[in-house]
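In our numbering, the protein residues as written are 59 to 421.
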């Protein structure tokens with residue numbers, strides 16, 4: 059029993075004691091208990107494995123162009139998608155754009171002159187003052203000039219794109235976790251400048267026995283446990299590929315966005331990997347289990363209000379509840395509090411839900 063369960067047990071015992079003192083009409087020699095109905099649910103037997111919280115987006119960002127660094131964000135800086143992570147010296151890139159724009163303007167002037175000359179040549183040809191060959195030559199010169207202008211426009215677009223790359227922007231919302239380069243250093247086009255990690259889009263990576271690789275996707279969700287709680291998380295993907303040594307598959311669970319703040323990247327998590335397909339089983343609160351030397355029992359109420367011990371075998375974990383196998387029936391009242399001090403056949407006094415509220419599986 060962990061610390062949390064111990065505290066819950068002490069608190070529950072205190073409530074039971076208070077309820078007993080507040081109810082003088084109760085028989086002095088009858089144990090006081092609280093009960094909930096036995097429920098049934100489709101659950102799978104599971105194997106607990108260790109998983110690791112990781113980011114779905116973790117990138118070493120680079121500029122895509124060579125240049126000299128003028129600024130890099132500090133580690134720990136949060137940036138939104140599209141915001142600057144680092145900057146390169148952009149002066150030479152600005153000059154390249156201006157030079158190409160000037161060349162394009164010059165070419166456009168040349169095209170305008172050729173168009174006017176062609177119009178004049180066609181009038182002269184109509185007057186039979188020049189030959190058709192002269193007109194054809196001028197048309198060819200005009201076509202080449204227009205092609206040169208199109209090529210210059212493409213070069214300008216490319217130069218502007220390179221200029222934009224001097225500001226290295228975040229491809230997603232995240233945090234700068236590492237700087238690979240410092241101000242004043244030169245980098246190549248593919249050299250990483252900073253590490254950017256999303257702390258909001260998280261997933262859990264785990265390994266399970268290769269023989270059970272198809273079950274997580276078939277089940278759809280797996281229960282995970284961490285220090286402060288547990289929850290069901292959707293299976294994003296499984297990779298049923300292994301080697302001779304490990305004989306394990308890799309699985310990924312998606313951490314819901316509203317739960318991301320509860321986890322830290324690198325945190326270890328326990329994952330309940332199914333070892334068989336779900337089947338209908340009886341579910342009782344974990345606190346209903348009474349541990350004996352040779353067997354585990356639960357106590358249920360018979361028709362006369364007496365406690366009846368039922369041996370059970372414990373199956374899959376279900377948070378604060380467990381699956382059990384035994385001579386039980388759905389809806390049967392199982393004792394949750396007070397079972398430690400009673401024996402099979404004891405007459406007991408049952409507290410009402412108002413006197414002692416008890417959580418059920420679906421509440």
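Beta carbons: idealized from backbone N, C-alpha and C, even for Gly.
Residue 346 beta carbon less than 7 Å from that of residue 394: yes
Three CB pairs or more closer than 8 Å across the segment 269 to 285 and the segment 332 to 349: yes
DSSP three-state assignment for residue 241, whether helix, strand or coil: coil
Inter-residue Cα distance where the pair is residue 126 and residue 240: Approximately 10 Å between the Cα atoms of the pair.
7 Å CB neighbourhood of residue 405 in its chain, flanking five on each side removed: Once the five neighbours on either side are set aside, the close Cβ partners of residue 405 are 88, 363 and 364.
Nonlocal neighbours in the same chain, by C-beta distance under 7 Å from residue 263, ignoring five residues either side: 109, 110, 112, 308 and 310
Given 8 Å, three or more beta-carbon pairs between the segment 246 to 264 and the segment 311 to 324: Counting Cβ pairs under 8 Å, three or more are found: they touch.
Alpha-carbon spacing of residue 121 relative to residue 222, whole angstroms: 10 Å
Rounded straight-line distance, which links the Cα of residue 212 to that of residue 287: Residue 287 and residue 212 have their C-alpha atoms spaced approximately 58 Å apart.
Helix, strand or coil at residue 188 [DSSP, three-state]: coil
Own chain, CB closer than 7 Å to residue 140, minus 5 neighbours either side, in chain order: 227 and 228
Neighbourhood of residue 231 by C-beta distance below 7 Å, restricted to the same chain and skipping five residues each side: The answer, listed in chain order, is 138, 139, 256 and 258.
Per-residue burial, residue 165 [other beta carbons within 10 Å of its own, 16 or more giving buried]: buried
First through last residue of the alpha helix (DSSP H) which encompasses residue 273: 273 to 277 is the span of the alpha helix (DSSP H), which, as asked, contains residue 273.
Stretch pair the segment 381 to 400 + the segment 91 to 98: three plus CB contacts closer than 8 Å: These segments touch.
Own chain, CB closer than 6 Å to residue 385, minus 5 neighbours either side, in chain order: 368
Residue 147, DSSP secondary structure in three states: coil
Residue range of the unbroken beta strand (DSSP E) whose run includes residue 342: 337 to 343
For residue 141, the three-state DSSP class (helix, strand or coil): coil
Three-state secondary structure (DSSP) of residue 234: strand
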